[in-house]
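Enquirer: If you read the sequence shown in our numbering, its first letter stands for residue 448, the second for the next number, and so on. First the structure, then my questions, so here it is.
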Amino acid sequence: GRPAHTRELGVVFQSLALFPHLSVGDNVAFPLRMRRVGRKEITRRVTAALDLVQLPDLQHRAVSELSGGQSQRVALARALVYEPRILLLDEPLSALDRRLRESMQLELTRIHRELGVTIVNVTHDQREALMVSDRIAVMDAGRIVQCGPGTDLYANPATTFVAGFLGDPLLLEGSIATAGTLQCPGVAVTVGPSVPLG
């Protein structure tokens, strides 16, 4: 029931939603102005946020002059400047090329370690999910089908959808004939005790 500008939730949208008529510093300061933070405190926090995302000298630059990676960092600084308890990332890296995306994934990991803020990163990229996450929630048809550390989900997927999302699994259809034996069409496959049957 609280107005959006009073919630302790930072958001970085896929489109970044930077204000083209504002400078980098004014974009980052915007959420603080909406919260009626004092001028000196705004200056201090904007400087700290731009330092955090490694853009200390771009405060007065127009956002139209930024590269894709710089724009991502400005959007991230704006979302973090008011010190939210939760940061929601709505596929903000999807438009970047592979090299820049991987660089930004490392940046997100570094920022998470430095600030300790909870980050919810929505992505369709399984490599990104495995690279930047402590825990992964895999959704299918709008429902969470499995949640846990990426290594656990990869090793023990709850469904074929989870297995397919996190890798290229070898899936065999069949029935359990005896303990450790999977009867597939035309062949019986003996499996070790660590292989999940089911």
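Using N, Cα and C, we set each Cβ at its ideal position, and we do this for glycine too. Note that the coordinates shown come from a computational prediction; the quantities given were computed from them, not determined experimentally.
Have a look at ARG480 and ARG525 and give me their C-alpha separation to the nearest angstrom.
Expert: 12 Å
Enquirer: Quick check on the burial criterion: 16 or more other C-beta atoms within 10 angstroms. Buried or exposed for ALA635?
Expert: When all chains shown are included, ALA635 counts as exposed.
Enquirer: Classify ASP537 as helix, strand or coil using the three-state DSSP reduction.
Expert: strand
Enquirer: Return the Cβ separation of ASP537 and GLN461 in integer angstroms, given the expectation that the two are a contact with Cβ distance under 8 Å.
Expert: Contact holds; Cβ gap of about 5 Å.
Enquirer: Take VAL459 as the anchor and find which of ASN603, LEU534, SER622 and LEU562 has the nearest alpha-carbon.
Expert: Of ASN603, LEU534, SER622 and LEU562, the smallest CA-CA separation from VAL459 is found for LEU534.
Enquirer: Whose CA, out of GLU561, ALA588, ASN603 and MET551, lies closest to the CA of MET578?
Expert: Looking at the Cα atoms, MET551 is the closest of the given residues.
Enquirer: What does DSSP give as the partner residue(s) for MET586 in the beta ladder?
Expert: ILE591
Enquirer: Short check: CB of LEU499 to CB of LEU456, under 8 Å?
Expert: No, they are not a contact pair.
Enquirer: Would you mind reading off the limits of the alpha helix (DSSP H) that contains LEU479?
Expert: 471–481
Enquirer: By the three-class DSSP mapping on this structure, what secondary structure does VAL636 have?
Expert: strand
Enquirer: What is the DSSP secondary structure of GLN461, reduced to helix, strand or coil?
Expert: Correct three-state label for GLN461: coil.
Enquirer: How do the stretch 482–490 and the stretch 541–548 stand: do at least 3 beta-carbon pairs fall below 8 Å, yes or no?
Expert: no
Enquirer: At the level of alpha carbons, what is the spacing between SER511 and ARG560?
Expert: Distance between the alpha carbons of SER511 and ARG560 is about 30 Å.
Enquirer: Give the C-beta separation of SER514 and LEU463 to the nearest angstrom, bearing in mind that I take them to be a contact with Cβ-Cβ under 8 Å.
Expert: Not confirmed; about 12 Å, so no contact.
Enquirer: At which residues does the beta strand (DSSP E) containing SER580 begin and terminate?
Expert: It is not in any beta strand (DSSP E) - SER580 carries neither H nor E in the DSSP assignment.
Enquirer: Look at the alpha carbon of THR628 and the alpha carbon of GLU575, and state the distance between them as a whole number of angstroms.
Expert: 36 Å
Enquirer: From SER470 to GLN506, what does the alpha carbon distance come to, in whole angstroms?
Expert: 7 Å
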